[in-house]
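Trainee: From first to last, the protein sequence lines stand for chains A and B. 49 is the number that the numbering used here gives to position 49 of the first sequence; each next residue is one higher, with no gaps. 360 is the number that the numbering used here gives to position 360 of the second sequence; each next residue is one higher, with no gaps. Idealized CB from N, CA, C, for every residue including glycine. My questions will all concern the structure given below.
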Amino acid sequence: MENLVNIFVKSIFIDNMVFAYFLGMCSYLAVSKTVKTSVGLGLAVVFVLGITVPVDYLLHNYVLREGALAWLSDDFKTVDLSFLSFIMFIAVIASMVQLVEMVVEKFAPALYSSLGIFLPLIAVNCAILGGSLFMQERDYNSIAEATTFGIGSGIGFFIAIIGIAAIREKIRYSDIPAPLRGLGITFIITGLMGLAFMSFMGIKL
Amino acid sequence: MKLIRKQFDKIKPSFEKGGKLQAFRSMFDAIETLFFVPNTTTKSGVHIRDSKDSKRLMMIVVIAMIPALLFGMWNTGVQHFLSLGESVDIMTAFWYGFLKILPIIVVSYGVGLGIEIIIAQMRGHEVKEGFFVTGMLIPLIVPVGVPLWMVAVATAFAVIIGVEAFGGAGMNIMNPALTARAFLFFAYPSHMSGDAVWIAEKADGFSGATPLAEAAAGHTANLPSVMEMFMGNIPGSIGETSTIAILIGAFILIYTGVGSWKIMASTVVGALVMAYIFNALAPADNAFMQLPGYYHLIMGGFAFGAVFMATDPVSAAQTSKGKYIYGFLIGFIAVLIRVLNPAYPEGMMLAILLMNVFAPLIDHYVVQANIKRRLKRASVKA
């Protein structure tokens with residue numbers, strides 16, 4: 001149990017997807033204009049990560065890794081399908097995103113139209129694929145750990161995107177030098193936020 | 001006074017549009033408003049007039065920092081002669097510290113105001129008063145042994161990236177002085193931490209560890225007494241050591257209404273709560289976790305940060321409920337970083353920066369909650 005709490009806190013603050021690895025930047029920069037839409041996108045990312053990481057965990061441990069197919073019969077003991085991980089992970093992610101898209105369209109049409117193209121683009125959001133690949137690399141011991149890591153990473157992204165959205169709403173009427181308006185200042189804010197998030201780096205759990 | 005006014009009137013035309021020296025107009029404006037209240041008024045709409053303008057607000061903050069500054073100068077001298085094993089009278093110590101600290105202040109003001117003036121020229125607005133406070137804060141939060149060029153680089157970074165990129169004073173999202181401090185801390189860690197940097201020209205055999213470093217290493221027995229840490233004759237950044245001098249500043253800020261007591265009080269509460277949580281959970285061998293909460297208030301930069309940095313009206317939360325949340329989380333996270341993060345003995349700077357980042361979010365949700373509550377009230381009546 002303590003282990004799960006550690007993984008959860010670690011994936012939100014210390015290994016934050018956005019500020020520690022700078023993953024998922026495209027939707028982070030593009031959809032963070034208002035808090036309302038970024039809450040929607042953030043929740044979608046939490047949901048997708050929370051589902052894809054455990055599903056990919058099962059795939060990795062029972063199909064793809066070396067010797068994972070041993071449960072079929074002894075003949076498959078040496079089979080190593082891990083060269084397929086990218087394409088399998090992407091397939092899982094894409095189908096999950098389809099699911100989210102249908103749910104959002106049905107139950108929150110306003111959010112659906114304000115997210116626009118960025119909802120299907122979650123499928124190629126590197127934070128999501130990154131989540132699965134980190135799971136593979138870090139070799140979590142159980143599906144519970146993998147799920148905790150997935151949800152935690154999603155919440156880390158969620159906090160980052162609503163944080164910057166609030167800042168962008170606040171500076172909307174600021175007299176920013178013309179060349180920096182829009183994305184330029186957003187990059188600077190992201191850098192400064194990364195500086196603030198360095199406070200958690202080095203905490204050992 | 002009349003003589004000065006006459007001089008200003010005489011040279012004014014050459015600074016106006018079309019004049020010979022119009023490129024230096026904002027500099028002229030800045031110097032003129034330093035001497036006289038400008039007679040220009042706002043052109044349209046309804047405005048409230050009162051005695052508070054930003055120049056006056058900034059000056060009050062600078063005045064509130066004077067006790068900490070004077071004490072810092074004296075303490076610099078005391079620590080230096082203490083490390084040499086000499087004891088000197090109060091004026092010798094003060095004079096030594098004065099000569100050490102004055103160059104840092106000059107560099108910080110020179111670089112910062114220089115950049116402000118250049119950018120004001122380029123963008124065609126006037127020089128804002130915001131840097132008065134920042135320029136004084138930067139020297140107070142660096143160790144006394146810091147090389148001057150580092151102060152210059154950090155000040156330039158804070159003013160250009162932290163403030164001017166956002167459109168000038170009043171629009172920044174993070175406290176510029178802390179941005180400078182964080183820049184120094186991450187770019188030149190060997191000059192900003194460790195035991196050697198806190199005392200000017202320290203004798204080699206003398207341990208110059210700050211109380212926080214001692215506590216983080218688990219040597220709580222080596223800590224100075226509570227009284228010593230409260231008075232401030234301990235190694236540390238220039239302005240942060242003396243809790244009592246900072247309390248005088250806090251009194252000035254609260255009495256004049258410039259600094260928010262809500263933020264200061266909730267920061268202290270947040271730190272105490274976190275410290276008591278640690279006390280309750282602490283394993284027997286972790287001396288830092290067992291340290292009582294009030295130690296955190298007087299060690300390191302906590303008091304200085306809570307009084308002068310967290311209350312910065314630009315980067316703090318604006319709503320009154322938001323201020324409590326903001327302050328509480330600063331104290332909470334500061335103690336958390338101090339105790340749990342072995343990489344940084346001082347958590348105050350990063351805790352304030354982190355909450356600066358989330359202050360707009362706190363405000364957003366406080367405002368939304370207000371809107372929701374009022375809408376509910378309206379629909380019940382209808």
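#1: Taking 7 Å as the limit between beta carbons, can you name the residues of its chain near Ile15/B, skipping five residues before and five after?
#2: Along the segment 154-168 of chain B, what residues have a CB closer than 8 Å to any CB found in chain A?
#3: Inspect the beta-carbon positions of Ala271/B and Gly331/B and report whether they are closer than 8 Å.
#4: For a minimum of 4 consecutive residues, which ranges assigned as the alpha helix (DSSP H) are wholly contained in the segment 55-134 of chain A?
#5: Is it a yes or a no for the segment 92-99 of chain A touching the segment 116-124 of chain A, going by three-plus beta-carbon pairs under 8 Å?
#6: Leaving out five residues before and five after Phe76/A in sequence, what residues of the same chain have Cβ atoms less than 7 Å from its Cβ?
#7: Does the Cβ of Pro139/B have 16 or more other Cβ atoms within 10 Å, making it buried, or fewer, making it exposed?
#8: Where Ala30/B and Ile161/B are concerned, what is the direct C-alpha to C-alpha distance, given to the nearest angstrom?
#9: Determine whether the Cβ of Ile155/A lies closer than 8 Å to any Cβ atom of chain B.
#10: Considering Thr92/B, what are the terminal residues of the alpha helix (DSSP H) in which it resides?
#11: Of the residues that make up the segment 168-182 of chain A, which ones have a beta carbon closer than 8 Å to any beta carbon in chain B?
#12: Can you tell which of Asn356/B, Pro292/B and Glu240/B has its C-alpha closest to the C-alpha of Met73/B?
#13: Could you check what DSSP says for Arg373/B in three-state terms: helix, strand or coil?
#14: Using CA coordinates, which residue listed in Lys170/A, Ile14/A and Leu59/A is at the minimum distance from Leu84/A?
#15: If you draw a straight line from the C-alpha of Gly182/A to the C-alpha of Asn286/B, how long is it?
#16: Could you list the residues in the segment 339-354 of chain B with a C-beta less than 8 Å from some C-beta on chain A, going in chain order?
#17: Are the beta-carbon atoms belonging to Ala282/B and Met274/B less than 8 Å from one another?
#18: Can you check whether the CB of Lys202/B is closer than 8 Å to the CB of Ser260/B?
#19: Take Ala64/B as the anchor and find which of Ile234/B, Thr256/B and Val111/B has the nearest alpha-carbon.
#20: Here's the rule I'm using: 16 or more other beta-carbon atoms within 10 Å means buried, otherwise exposed. How should Ala182/B be labelled?
#21: Which same chain residues, not among the five before or five after Val314/B, have their C-beta less than 7 Å away from its C-beta?
#22: I want to verify the contact list: residues of chain A whose CB lies under 9 Å from the CB of Gly123/B, in sequence order.
#23: Rounded to the nearest angstrom, what separates Ala68/B and Glu105/A at their Cα positions?
#24: Spatial neighbours of Met88/A within its chain, please: CB distance less than 8 Å, with the 5 preceding and 5 following residues excluded, ordered by chain position.
#25: If distances are taken between C-alpha atoms only, which option among Ile325/B, Gly168/B and Pro224/B comes closest to Leu113/B?
Mentor: Taking the geometry as given:
#1: It should be noted that the sequence gives Phe, not Ile, for residue 15/B. Leu21, Gln22, Phe24, Arg25 and Phe28, listed in sequence order.
#2: Ile161, Gly162, Glu164, Ala165, Phe166, Gly167 and Gly168
#3: yes
#4: 85-107, 109-115 and 118-121
#5: yes
#6: Leu69 and Ala70
#7: buried
#8: 22 Å
#9: no
#10: Ile90 to Arg123
#11: Glu169, Lys170, Ile171, Ser174, Asp175, Ile176, Pro177 and Leu180
#12: Glu240/B
#13: helix
#14: Leu59/A
#15: 48 Å
#16: Leu340, Asn341, Pro342, Ala343, Tyr344, Gly347, Leu350, Ala351, Leu353 and Leu354
#17: no
#18: no
#19: Thr256/B
#20: buried
#21: Gly170 and Asn172
#22: The identity of residue 123/B in the sequence shown is Arg, whereas the question assumes Gly. Residues of chain A passing the Cβ test: Asp175 and Pro177.
#23: 59 Å
#24: Asp56, Leu59, Val63 and Leu64
#25: Gly168/B
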